[in-house]
Amino acid sequence: MKTILYLKFFCSIILFVKVKPECFVCFVSQAIRATEIISKKDDDAIRALKNVAKVLSEIEYNVAPPLISEFVYGSITKTLDHDDPYSEIKKKYNKIALNYIDDLKRYIKDSDDKLQAAINISVAGNIIDFGSQIEKFNIKETLNKAIIEGFLVNDIEDFKLKITKAKTLLFLADNAGEIVFDKLLLQTIKNLYPNLNIYIALRGKPIINDVTKNDIEGLGLEEIGTLIESTKPTPGFWPDYCDNLCKKIYKKADVIISKGQGNFETLSEFDDDRVFFLFIIKCSVVEKYLNKPKYSHIFAKKSSLC
2 MKTILYLKFF
12 CSIILFVKVK
22 PECFVCFVSQ
32 AIRATEIISK
42 KDDDAIRALK
52 NVAKVLSEIE
62 YNVAPPLISE
72 FVYGSITKTL
82 DHDDPYSEIK
92 KKYNKIALNY
102 IDDLKRYIKD
112 SDDKLQAAIN
122 ISVAGNIIDF
132 GSQIEKFNIK
142 ETLNKAIIEG
152 FLVNDIEDFK
162 LKITKAKTLL
172 FLADNAGEIV
182 FDKLLLQTIK
192 NLYPNLNIYI
202 ALRGKPIIND
212 VTKNDIEGLG
222 LEEIGTLIES
232 TKPTPGFWPD
242 YCDNLCKKIY
252 KKADVIISKG
262 QGNFETLSEF
272 DDDRVFFLFI
282 IKCSVVEKYL
292 NKPKYSHIFA
302 KKSSLC
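The structure is reproduced here in structure tokens:
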């Protein structure tokens with residue numbers, strides 16, 4: 002009952018990319034993957050999945066999928082007493098991503114448009130996602146596609162105009178592994194606009210393979226910008242899930258890069274031209290919502306998409 006009332010509160014204040022029937026398949030698939038990571042025992046999996054089914058039967062569906070994910074994963078982690086199932090996988094994909102760094106740095110250095118090159122790299126990193134897709138992903142193929150084919154929608158010229166005048170940039174981070182590629186983008190922005198104050202928002206608590214402070218040790222992000230956190234485990238940025246500092250920065254930021262599909266789902270209905278969404282369309286729900294093909298690369302404001 003608490004879950005229903007909690008989500009009805011969100012329904013009353015704003016519209017989101019809504020949960021569709023296809024989302025049930027995704028929620029259950031995610032739940033199965035998470036339980037298999039935690040335990041190889043069928044009894045544990047069945048016990049956890051029964052509790053997930055109960056959660057899914059009680060919630061209000063007129064909300065964004067990431068808001069439901071909090072309760073799905075919360076049920077699993079509570080049942081199996083493990084608050085970060087993807088901890089080792091996140092470390093693994095940070096290491097995998099680091100293997101590409103030298104080549105990608107050369108690609109940026111040799112590019113006439115270094116900002117566009119860095120954005121190409123960053124969007125490719127968005128394929129490292131264990132939440133929004135069931136299929137296996139290929140990082141190298143996605144990098145090649147981003148570099149060769151570019152974006153279906155690309156608002157980079159508008160972004161350049163805004164970032165040139167901006168004093169503060171807020172980067173809403175998404176996943177571990179992906180964050181290694183994002184660092185190249187943030188470093189490029191810092192090099193091009195040295196007077197810009199950069200803030201990097203991370204998840205405050207573990208959820209799927211989304212990146213937290215614990216997942217970025219040794220990456221040097223704190224040398225590029227100030228790290229801030231949300232306060233709840235949702236795979237999508239929600240301003241009310243921030244502490245006072247995070248809310249203040251979100252409100253005052255001149256430009257915001259919203260990285261990843263989850264952040265798009267929770268923020269897409271805000272009419273806010275400060276926000277540039279940078280992500281790959283990875284599920285049929287967002288594909289239909291935007292009327293754009295799956296696996297399209299997007300760097301755009303809402304006004305360019307809807």
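For our numbering, count along the sequence shown from 1 and bump the result up by 1. In this text, a Cβ means the ideal position worked out from N, Cα and C, and glycines have one as well. In this text, all values refer to a predicted model and were calculated from it rather than measured experimentally.
Contacting residues, own chain, Cβ-Cβ under 7 angstroms from residue i (five flanking each side not counted)
i: L153; result: K293, S297, H298, I299
i: N52; result: S76, T80
i: C12; result: Below a pLDDT of 50, predicted positions are generally treated as unreliable, and C12, at 40, falls in that range; the measurement from the model is reported next regardless. Correct list, in chain order: E61, N63, V64.
i: N215; result: none
i: A35; result: Y74, I77, P86
i: R48; result: T80
i: A167; result: L197, D255, V256
Chain-order list of residues whose beta-carbon lies under 8 angstroms from that of residue i (same chain, five-residue window excluded)
i: I190; result: L116, A119, I164, L170, L197, I199
i: I210; result: Note that residue 210 is Asn in the sequence shown, not Ile. Answer for N210: Y87, I90, K91, Y94, I129, D130, F131, G132, N176, A177, G178, listed in chain order.
i: C307; result: S269, L291
i: V73; result: F28, Q31, A32, V53, V56, L57
i: E23; result: C284, S285, V286
i: D104; result: none
i: K106; result: L185
Close Cβ partners of residue i (< 6 angstroms) along its chain, the five nearest in sequence each way excluded
i: I14; result: The pLDDT assigned to I14 is 40, lower than 50, so where the model puts this residue is not dependable; a value taken from the coordinates is nonetheless given after this. Correct list: empty, nothing qualifies.
i: K254; result: First, the amino acid is wrong: residue 254 is Ala here, not Lys. Same-chain partners within the cutoff: T169, L171.
i: T143; result: A125, I128
i: G205; result: E230, S231, T232
i: S112; result: A118
i: E71; result: P234, T235
i: K146; result: none
i: Y242; result: S231, T232, K233
Beta-carbon spacing of residue i, residue j below 9 angstroms
i: Y251; j: I257; result: yes
i: G237; j: E218; result: no
i: P66; j: V276; result: no
i: I148; j: Y108; result: yes
i: N264; j: L185; result: no
i: D45; j: I38; result: no
i: N176; j: F138; result: no
i: F182; j: S123; result: yes
i: S336; j: V18; result: As displayed, the chain neither begins before 2 nor continues past 307, which places residue 336 out of reach and without an answer.
i: I157; j: L187; result: no
i: P207; j: D84; result: yes
i: N155; j: A301; result: yes
i: I69; j: V20; result: yes
i: F280; j: K260; result: yes
i: D274; j: K249; result: no
Reduced DSSP category for residue i - H, G, I as helix; E, B as strand; rest coil
i: L105; result: helix
i: S297; result: coil
i: K168; result: coil
i: F280; result: strand
i: S40; result: coil
i: D111; result: helix
i: Y200; result: strand
i: K141; result: helix
i: E270; result: coil
i: K260; result: strand
i: L228; result: strand
i: N155; result: strand
i: Y87; result: coil
i: D255; result: coil
i: V18; result: coil
i: Y62; result: coil
i: N127; result: coil
i: K303; result: helix
i: T80; result: helix
i: P67; result: helix
i: I122; result: helix
i: F312; result: The displayed coordinates of the chain run from 2 to 307. Any statement about residue 312 would go beyond what the structure contains.
i: R34; result: helix
i: N52; result: helix
Nearest-angstrom beta carbon gap, residue j and residue i [assumed within contact, 8 angstroms]
i: A98; j: G178; result: 5 angstroms
i: I129; j: Y94; result: 5 angstroms
i: I201; j: L162; result: Not a contact, Cβ separation roughly 23 angstroms.
Bridge partner(s) assigned by DSSP for residue i
i: D244; result: DSSP lists no partner for D244.
i: N176; result: D211
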